[in-house]
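Comments concern the structure below.
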Amino acid sequence: MKPKTFLFIGRSGAGKGTQAKLLQKHLESLDATVPVYYLETGAHFREFIKGDSYTSKCSKEMYDRAERQPDFLAIWNWGDLLVNNFTDSMHLIMDGMPRSLNEAHMLRTALDFYKITDPYVVYVGVSPEWSKKRLVERHRLDDKSEAEIDRKIAWFDHDVLPAIEYFKADSFYNYVELNGEQTIDEVFKELLSKVQLQ
């Protein structure tokens with residue numbers, strides 16, 4: 004099976020991570036000889052802000068104020084993971100990135116560098132109201148208050164939607180939009196119906 008690349012994007016609480024994990028398991032079941040590199044930057048970032056460097060401390064201050072991290076740090080985060088872990092024999096699943104138009108442009112340079120063609124962009128679409136309800140329900144550490152959740156929703160509209168429009172307009176990407184306001188199984192069934200895995 005030829006290695007494939009998938010970028011999962013969606014509002015916080017849309018279930019993109021759940022769908023990405025289901026796809027990972029499905030790919031592994033189809034052909035165990037092709038490993039899947041699942042790139043999710045959250046754990047890497049949380050370790051980074053525990054560090055003693057000046058950059059780590061500045062980033063931690065922004066995190067504590069519930070401010071969006073600058074693009075250069077987001078790019079370094081996934082860039083560092085790719086450089087140290089990715090090979091040409093792997094499927095690549097990127098969960099929750101890019102988060103801005105600048106980051107999307109930079110990601111294209113990485114995909115070109117790694118000679119990746121025909122990547123899928125999977126947008127798990129939900130309404131702002133659906134997103135807020137899920138964030139309130141899951142009580143994650145980085146969703147500390149309703150104001151922070153509202154800010155996260157506003158970031159998506161301001162920063163991520165332009166990246167999504169870029170992916171939709173560029174024929175380099177296979178853009179797939181899913182209705183995230185379904186059961187997990189229904190969303191995954193829709194995903195499998197819209198991507199070519201063989």
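The opening residue of the sequence shown carries number 4 in this note's numbering; numbering runs sequentially from there.
Even glycine gets a Cβ: it sits at the ideal position worked out from N, Cα and C.
1) Counting only the same chain and skipping the five closest in sequence on each side, list residues whose C-beta sits under 6 Å from that of Val163.
2) Following a CB-centred definition, is Ala107 positioned closer than 7 Å to any heavy atom of the ligand MN?
3) Take Leu46 as the anchor and find which of Ala150, Asp83, Gly128 has the nearest alpha-carbon.
4) Go ahead and label Lys155 buried or exposed: buried means 16 or more other beta carbons lie within 10 angstroms of its beta carbon, across all protein chains shown.
5) How many angstroms separate the CA atom of Asn177 from the CA atom of Ser62?
6) Could I get the ranges of all uninterrupted alpha helix (DSSP H) runs contained in the stretch 149 to 180, with 4 residues as the minimum, in chain order?
7) Can the beta-carbon of Tyr40 be found less than 8 Å from the beta-carbon of Asn80?
8) Which class does Leu42 belong to by DSSP, given the choice of helix, strand or coil?
9) In angstroms with no decimal places, state the Cα-to-Cα distance between Ala107 and Ala166.
10) Classify Thr120: buried if its beta carbon has 16 or more other beta carbons within 10 angstroms, exposed otherwise.
11) Can you tell me the Cα-Cα spacing of Val139 and Asp153, whole angstroms?
12) Name the residue from Leu42, Lys5, Asp34, Gly54 whose alpha carbon lies nearest to the alpha carbon of Ala23.
13) Measuring only the C-alpha atoms, how far is Leu85 from Gln185?
14) Quickly, what does DSSP pair Phe11 with across the bridge? List them, please.
15) Just to confirm, is the Cβ distance from Asp95 to Tyr169 under 8 Å?
The relevant details are as follows:
1) Counting from 1 along the sequence shown, the entry for residue 163 is found at position 160. Answer for Val163: Arg102, listed in chain order.
2) Of ligands this structure carries none, so the ligand MN is not represented either.
3) Indexing the sequence shown from 1 puts residue 46 at position 43. Before going further, note that residue 46 is Ala rather than Leu in the sequence given. Looking at the Cα atoms, Asp83 is the closest of the given residues.
4) If you number the sequence shown from 1, residue 155 lands on position 152. Around the C-beta of Lys155, 16 or more other C-beta atoms lie within 10 Å, and the residue is accordingly described as buried.
5) Looking up residue 177 in the sequence shown gives position 174. Looking up residue 62 in the sequence shown gives position 59. Asn177 and Ser62: Cα-Cα distance of roughly 34 Å.
6) Within the stretch 149 to 180, the complete alpha helix (DSSP H) runs of at least 4 residues are 149 to 158, 164 to 172.
7) Counted from its first residue, the sequence shown places residue 40 at position 37. Counted from its first residue, the sequence shown places residue 80 at position 77. In this structure, Asn80 does not lie closer than 8 Å to Tyr40 by Cβ.
8) In the sequence shown, the residue the question calls residue 42 occupies position 39. In this structure, Leu42 counts as strand in the three-state DSSP scheme.
9) By one-based count along the sequence shown, residue 107 stands at place 104. By one-based count along the sequence shown, residue 166 stands at place 163. Their Cα atoms are separated by approximately 6 Å.
10) Taking the sequence shown and counting its residues from 1, one reaches residue 120 at position 117. Exposed is the call here.
11) As a working mapping, residue 139 is identified with position 136 in the sequence shown. As a working mapping, residue 153 is identified with position 150 in the sequence shown. If you take the alpha carbons of Val139 and Asp153, they lie about 11 Å apart.
12) On the sequence shown, position 20 is the one that residue 23 refers to. Restricting attention to Leu42, Lys5, Asp34, Gly54, the CA atom closest to the CA of Ala23 is found in Leu42.
13) Taking the first residue of the sequence shown as 1, we reach residue 85 at position 82. Taking the first residue of the sequence shown as 1, we reach residue 185 at position 182. Rounded to the nearest angstrom, the two C-alpha atoms are 32 Å apart.
14) Residue mapping note: residue 11 aligns to position 8 of the sequence shown, counting from 1. DSSP lists Asp98, Val125 as partners of Phe11.
15) Position 92 of the sequence shown, counting from 1, holds the residue named residue 95. Position 166 of the sequence shown, counting from 1, holds the residue named residue 169. For the record, residue 95 in the displayed sequence is Leu; it is not Asp. Remark: C-beta atoms of Leu95 and Tyr169 do not approach each other more closely than 8 Å.
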